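One structure is given here, and the rest of the page talks about it.
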Amino acid sequence: MNEGSTLLSWVIWLPILAGVAVLATGSDRNAPLARMIALVGSIAGFLVSIPLYTGFNTGTAEMQFVEMAAWVPAFKINYHLGVDGISVLFILLTSFTTVLVVLAGWKVIQKRVAQYMAAFLMMSGVMNGVFAALDAILFYVFWEAMLIPMFLIIGIWGGQNRVYAAIKFFLYTLIGSLLMLVALIYLYGKSGGFEILEWHKLPLSLNEQVLLFIAFFTAFAVKVPMWPVHTWLPDAHVEAPTGGSVVLAAIMLKVGAYGFLRFSLPIAPDGSHAMSGFMITLSLVAVVYIGLVALVQADMKKLIAYSSISHMGFVTLGFFIFNAYGVEGALVQMISHGFISGAMFLCVGVLYDRMHSRQIADYGGVVNKMPVFASLFMLFAMANSGLPATSGFVGEFMVIMGAMKVNFFYAFLAATTLIFGAAYTLWMFKRVIFGAVANDHVAQLTDIDARETLVLGVLAVAVLAMGIYPQPFTEVMHSSVNNLLSHVAQSKL
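What follows is the structure, encoded as structure tokens:
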């Protein structure tokens, strides 16, 4: 499909080249130029990703916009790119989010501006590479390369404990990836190549599949992150600058979930079925237990970080109930979570830029001074709670429907997130936004400016559009999801 296209290479390398151009501006004396090049580069990166969606053929599960070139012929390693209905939306989400992150850091970042902007542009290209790679080594190179810019973003522009958070993030994700590398090498030995789609056809014994599943699980579960390997995420979120938190929540967590669909389920279908009870248990623990943990947080960023873990539990639950409602609902939830969590972290960033505090107790009565901001924040808080007509409702509803087809108890526990989500989100919102002006610091607040209104307004439109009319998102994934489920249903034994 779409043979001869180089769109995916543009989507990957254009942001990376823009990042190099931004770095070339040098010191902070040229910060305005660095910002402008970063904005132009991020917008160009988003614009070249749009034809992936407009030119996408929804009637087939085949890979589209395929590119193939020999990279290391001796080991049959290729520069092989392509997207299907599962991956194409995440490339658009990545490119879209990068534009917002550049705008969000426009005034806030005053030191090492070029390096900050370049890190996000390069990370955008590398993450697009993860979603487009059809060669396992190419995937692994992009997968590991993601760590470097995020490590620098947290470690250089982060909070007081940034070095601890950056090292913890790096070690968790790197160590988790090592077993995946072992699995990739094992599969190379079985097949003689690194083509991911060829691995989907390999006849593997149940023991092989379970061991491969566990190897992939260590990498993907840490990245999602699933309970109990989630502890790096709250630290990373709290210490990361606002842009780092947005990309971490909106995109980087999705890469782990995506790995389950591209590797674990199709390569080890019988192993996936054998391990499904384990995966569903961990997912429900994340939904319920982490939701309760979020209730007691005093730091707004930490609360939203735990909320992300709880919502990502919905995603892995949807994957491992093995029906179309569950998988498509999980994918919708991933896109929606990208919008909502990104918006929530941006809202906290707006407050932090003005008051330099993330503590809920330091706020109160913000609506009296920031009515426009309070209105947008309320929309995102409602979406995070799963309010119908927002994107937060669609994915959760579909996963609950899918879970109901399998087991009422799964659906019941999953549905508790609508209660816990509303409890911790609205409790935070009420204490921060409503009531009388709490102190002199709140009294001096000023409402959001045009740039902040644009960033949050675009996300508000995305949240409402997806909530009211989700079909443009769901129709893209139908064929690929059905093809995946039919493949998983066919035993290799």
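For what it's worth, my numbering labels the leading residue of the sequence shown as 3, then goes sequentially.
Using N, Cα and C, we set each Cβ at its ideal position, and we do this for glycine too.
Here the structure is a predicted model, which means the values were calculated and not measured.
When you compare only the Cα positions, how much space is there between residue i and residue j?
i           : j           : result
residue 343 : residue 386 : 8 Å
residue 205 : residue 191 : 13 Å
residue 89  : residue 442 : 48 Å
residue 305 : residue 293 : 9 Å
residue 33  : residue 115 : 6 Å
residue 317 : residue 414 : 16 Å
residue 1   : residue 207 : Only positions 3 to 495 of the chain appear in the structure, and residue 1 is not among them; the question remains open.
residue 395 : residue 388 : 4 Å
residue 9   : residue 54  : 7 Å
residue 45  : residue 16  : 10 Å
residue 376 : residue 382 : 10 Å
residue 445 : residue 452 : 21 Å
residue 24  : residue 488 : 46 Å
residue 408 : residue 259 : 21 Å
residue 84  : residue 230 : 33 Å
residue 289 : residue 76  : 46 Å
residue 167 : residue 175 : 12 Å
residue 136 : residue 11  : 13 Å
residue 184 : residue 465 : 40 Å
residue 359 : residue 42  : 32 Å
residue 474 : residue 404 : 20 Å
residue 372 : residue 108 : 20 Å
residue 113 : residue 31  : 10 Å
residue 393 : residue 194 : 43 Å
residue 424 : residue 417 : 12 Å
residue 271 : residue 203 : 11 Å
residue 130 : residue 14  : 6 Å
residue 255 : residue 436 : 32 Å
residue 438 : residue 460 : 30 Å
residue 326 : residue 226 : 21 Å
Look up residue i in the DSSP assignment and say whether it is helix, strand or coil.
i           : result
residue 442 : helix
residue 361 : strand
residue 429 : helix
residue 70  : strand
residue 237 : helix
residue 83  : strand
residue 135 : strand
residue 64  : coil
residue 451 : coil
By a C-beta neighbour count over all protein chains shown, 10 Å radius and 16 as the cutoff for buried, is residue i buried or exposed?
i           : result
residue 209 : exposed
residue 341 : buried
residue 80  : buried
residue 66  : buried
residue 400 : buried
residue 450 : buried
residue 369 : buried
residue 410 : exposed
residue 104 : buried
residue 421 : exposed
residue 38  : exposed
residue 177 : exposed
Please return the same chain residues whose Cβ sits closer than 6 Å to the Cβ of residue i, not counting the five positions on each side in sequence.
i           : result
residue 378 : 458, 462
residue 181 : 217, 220
residue 333 : 479
residue 262 : 222, 321
residue 132 : 144, 145, 257
residue 124 : 18, 21, 151
residue 543 : The requested residue 543 is not part of the displayed model; the chain covers only 3 to 495.
residue 7   : 67
residue 278 : 322
residue 355 : 110
Skipping 5 residues on each side, what residues in its chain have a beta carbon closer than 7 Å to that of residue i?
i           : result
residue 362 : 300, 302, 430, 433, 434
residue 476 : 330, 334
residue 281 : 318, 322
residue 295 : 308
residue 338 : 393, 394, 396, 397, 468
Closer than 8 Å by C-beta to residue i: which residues in its own chain qualify, once you throw out the five before and the five after it? Chain order, please.
i           : result
residue 87  : 58, 60, 63, 478, 479, 480, 481, 482, 483
residue 28  : 116
residue 470 : 391
residue 297 : 422, 425, 426, 429
At the 8 Å Cβ level, is residue i part of the contact set with chain D, yes or no?
i           : result
residue 218 : The chain inventory of the structure shown lacks chain D, comprising one protein chain alone.
Would you say residue i touches the ligand HEM, meaning its beta carbon is less than 7 Å from a heavy atom?
i           : result
residue 418 : No copy of the ligand HEM occurs in the structure displayed, which carries no ligand at all.
Can you confirm whether the segment 234–248 touches the segment 154–162 when touching is taken to mean that 3 or more C-beta pairs between the two stretches lie within less than 8 Å?
Three or more Cβ pairs drawn from the segment 154–162 and the segment 234–248 lie within less than 8 Å of each other, which places the two stretches in contact.
Report yes or no: do three or more beta-carbon pairs, one from the segment 354–372 and one from the segment 261–268, lie closer than 8 Å?
No, the segment 354–372 does not touch the segment 261–268.
With a cut-off of 8 Å, do at least 3 Cβ pairs link the segment 136–149 to the segment 43–53?
At 8 Å Cβ cutoff, the stretches do not touch.
When you compare the segment 346–356 with the segment 245–252, are there three or more beta-carbon pairs, one atom per stretch, that lie closer than 8 Å?
Because the criterion of three Cβ pairs below 8 Å is met, the segment 346–356 and the segment 245–252 touch.
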